[in-house]
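Asker: Numbering (the UniProt record's numbering), first residue to last: 1 to 396.
Every residue, glycine too, gets a C-beta built ideally from N, C-alpha and C.
There's a structure below that I have some questions on.
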Ligand SMILES: C[S@@+](CC[C@H](N)C(=O)[O-])C[C@H]1O[C@@H](n2cnc3c(N)ncnc32)[C@H](O)[C@@H]1O
């Protein structure tokens, strides 16, 4: 069926959209949008959107010229997807997206911003994107709005919020707050929250919108990180560990017994939010220097695992590079997707493998030992072995 989809932003309607609306035989939309749309004929039947599926069924059963009213640009986190999935042919008249309006009200560019939706979804991934990226617009939902974002980000992630409520309507309000303050104030729906790092309000100009395209290389050489006495996960082992952790935008990774922070920093370079856990104060300072050098965001939590893990947010993936069997036992139930452990002692491999399997992971273990080519004075090469390491990984 041919369906007309009209976006609303408080501005005047496109004349052609208005003609479609005046000839509509059914108008479907949220109560707010039906009330706000100029020119809905009073006699035309309306269907107020609650749950989407019954509305789509009603639309599918209708014979005539239905119009769907939506907010902003219906092709952007909007109803266009669901209508196309049902096989409808669409005439779309978009309005300005709430995201475009929010950045305009904030006076900020947004080709360098991530746009994430917490609408009908867990807020966790949106929060992790805000932890990792310096500029994010969050499409919120009741119960997953400015207060909840503030609660998750304060105090570990220094951010500023621009909360944009009821954009384009007479009730429009734009408020600048810090995450701590956002937790205690009442907010009106709908709203978009711009979450940005106040130290970097202007991002670099680029060729791609949204997330960085990813680093130009990974499993970086050890020389890229300050470390103590060669105590760093070697590049070849790190490549395997990163592959098994699978870090990406929206994930939170714990790097436990972080040492130089090399694994966590590489996860952050690949877009994940990261918490590095390390008991040694000097190492924490070294991790911070390495983090600055790589221009990423990694929260450093100083303390002894497993005790220090109790209050950390839920991780998607955990890397344990130090902390012993008790830490491995404490972590195994917590990782949502992947857990990777590197071990020097052969006796630890079988119990770790068994533990991951008992926690429901499909687990594997491998011993990795690379021998690098080292030049000799006569121009030939000898093999220079790196220390062998065992890596146990689990996925679920
Ligand atoms: C399903 S998305 C729709 C996005 C829409 N397609 C757009 O381009 O604006 C719903 C979310 O968009 C945001 N939103 C929609 N209309 C808004 C408005 N008038 N003012 C502020 N935020 C709005 C809110 O974050 C809301 O929870």
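#1: Closest to residue 393 by CA distance: which of 95, 106 and 338 is it?
#2: Pick out whichever of 368, 354 and 107 has its Cα sitting closest to the Cα of residue 362.
#3: What does DSSP give as the partner residues of residue 433 in its beta bridges?
#4: Report back the beta-carbon spacing between residue 260 and residue 287 to the nearest angstrom; my notes put them in contact at under 8 Å.
#5: Rank 211, 268, 326 and 123 by C-alpha distance to the C-alpha of residue 111 and give the top, closest one.
#6: If residue 66 sits next to residue 26, beta carbons under 8 Å apart, how far is it from one beta carbon to the other, in whole angstroms?
#7: Which residue spans inside the segment 133-169 form an unbroken alpha helix (DSSP H) run of at least 4?
#8: Between which two residues does the beta strand (DSSP E) carrying residue 368 extend?
#9: Under the criterion of a Cβ to heavy atom distance below 8 Å, does residue 165 qualify as lining ligand 1?
#10: Starting from the N-terminal side, write out each stretch of the alpha helix (DSSP H) that is 4 residues or longer and does not extend beyond the segment 186-261.
#11: Does the Cβ-Cβ distance between residue 174 and residue 125 come in under 9 Å?
#12: Candidates 269, 156, 102 and 262: which alpha carbon is nearest residue 312's?
#13: Quick check on residue 194: buried or exposed, where buried means 16 or more other Cβ atoms within 10 Å of its Cβ?
#14: Expressed to the nearest angstrom, what Euclidean distance is found between the alpha-carbon atoms of residue 239 and residue 221?
#15: Looking at the structure shown, is residue 291 part of a helix, part of a strand, or coil, going by DSSP?
#16: For residue 271, count neighbouring Cβ atoms within 10 angstroms of its own Cβ and tell me buried if that reaches 16, exposed if not.
#17: For residue 10 versus residue 22, is the C-beta distance shorter than 9 Å?
#18: Quick one: what does DSSP say residue 76 is sitting in, helix, strand or coil?
#19: Would you kindly work out how many angstroms separate the C-alpha atoms of residue 54 and residue 91, rounded to a whole number?
#20: Measuring alpha carbon to alpha carbon, tell me which residue in 186, 135 and 269 is nearest residue 161.
#21: For residue 175, verify whether its CB is less than 8 Å away from any heavy atom of ligand 1.
#22: Pick helix, strand or coil for residue 127, following the three-state DSSP scheme.
#23: So who's on the other strand from residue 302, going by DSSP bridges?
#24: Which partner residues of residue 351 appear in the DSSP bridge assignment?
#25: Using a Cβ distance threshold of 8 Å, determine whether the segment 278-298 contacts the segment 324-335, with at least three qualifying pairs required.
#26: Measure the C-alpha to C-alpha separation of residue 291 and residue 232 and round it to an integer number of angstroms.
#27: Have a look at the DSSP bridge pairing and note the partners of residue 1.
#28: Give me whichever residues DSSP pairs with residue 98 in a beta bridge.
#29: Can residue 74 be considered in contact with ligand 1, in the sense that its beta carbon sits closer than 8 Å to one or more heavy atoms?
#30: Distance check for residue 114 and residue 103, CA to CA, integer angstroms please.
#31: Around the C-beta of residue 373, are 16 or more other C-beta atoms found within 10 angstroms, so that it is buried, or is it exposed?
#32: Who does residue 371 pair with in a DSSP beta bridge?
#33: Using only CA atoms, which one of 344, 95, 180 and 396 lies nearest to residue 387?
#34: Using a Cβ-Cβ cutoff of less than 8 Å, which residues in the same chain neighbour residue 36 once the five nearest sequence positions on both sides are dropped?
#35: Can residue 101 be considered in contact with ligand 1, in the sense that its beta carbon sits closer than 8 Å to one or more heavy atoms?
#36: Can you check which of these residues, 274, 307, 267 and 180, is closest to residue 146 by C-alpha distance?
Answerer: So, from the listed chains and residues:
#1: Nearest to residue 393 by C-alpha distance, out of 95, 106 and 338, is 338.
#2: When each option's Cα is compared against that of residue 362, the closest is 354.
#3: This structure leaves residue 433 out entirely; the chain is present only between 1 and 396.
#4: Contact between residue 260 and residue 287 holds, with the beta-carbon distance rounding to 7 Å and staying under 8 Å.
#5: Ranked by Cα distance from residue 111, the first of 211, 268, 326 and 123 is 211.
#6: Yes, residue 66 and residue 26 are in contact; Cβ-Cβ is about 4 Å, under 8 Å.
#7: Counting whole runs of 4 or more residues, the segment 133-169 contains the alpha helix (DSSP H) stretches 146-153.
#8: Here the beta strand (DSSP E) through residue 368 covers 362-368.
#9: At a cut-off of 8 Å, the beta-carbon of residue 165 counts as near ligand 1: some heavy atom of the ligand is closer than that.
#10: Runs of the alpha helix (DSSP H) inside the segment 186-261: 235-245.
#11: Cβ atoms of residue 174 and residue 125: not closer than 9 Å.
#12: Comparing C-alpha distances from residue 312 to each of 269, 156, 102 and 262 shows the shortest one belongs to 156.
#13: Taking every protein chain shown into account, the CB of residue 194 has 16 or more other CB atoms within 10 angstroms, so this residue is buried.
#14: Their Cα atoms are separated by approximately 10 Å.
#15: For residue 291, the three-state secondary structure derived from DSSP is helix.
#16: Around the beta carbon of residue 271, 16 or more other beta carbons sit within 10 angstroms, so the residue counts as buried.
#17: Against a cut-off of 9 Å, the Cβ pair of residue 22 and residue 10 comes out as no contact.
#18: Coil, per DSSP.
#19: The straight-line gap from Cα to Cα measures roughly 21 Å.
#20: When the alpha-carbon of residue 161 is set against those of 186, 135 and 269, the nearest one is in 135.
#21: Checking the Cβ of residue 175 against ligand 1 gives no.
#22: The three-state secondary structure of residue 127, taken from DSSP, is helix.
#23: When DSSP reads this structure, residue 302 sits in a beta bridge with 278.
#24: Residue pairing from DSSP leaves residue 351 without any beta-bridge partner.
#25: Contact check between the segment 278-298 and the segment 324-335: fewer than three CB pairs, one atom from each, fall below 8 Å, which does not count as touching.
#26: Cα to Cα, the separation comes out at about 15 Å.
#27: Beta-bridge partners of residue 1 (DSSP): none assigned.
#28: Its beta-bridge partners do not exist; DSSP assigns none.
#29: Yes; taking the cut-off as 8 Å, the Cβ of residue 74 has a heavy atom of ligand 1 nearer than that.
#30: The straight-line gap separating the alpha-carbon atoms of residue 103 and residue 114 is approximately 12 Å.
#31: Counting the other Cβ atoms within 10 Å of the Cβ of residue 373 gives fewer than 16, which makes it exposed.
#32: Residue 371 is bridged to 385.
#33: Of 344, 95, 180 and 396, the residue nearest in Cα terms is 344.
#34: If the five residues before and after residue 36 are omitted, its C-beta is found closer than 8 Å to the C-beta atoms of 8, 10 and 169, all from its own chain and listed in chain order.
#35: Yes - ligand 1 has a heavy atom lying nearer than 8 Å to the Cβ of residue 101.
#36: The residue with the shortest Cα to Cα distance from residue 146 is 180.
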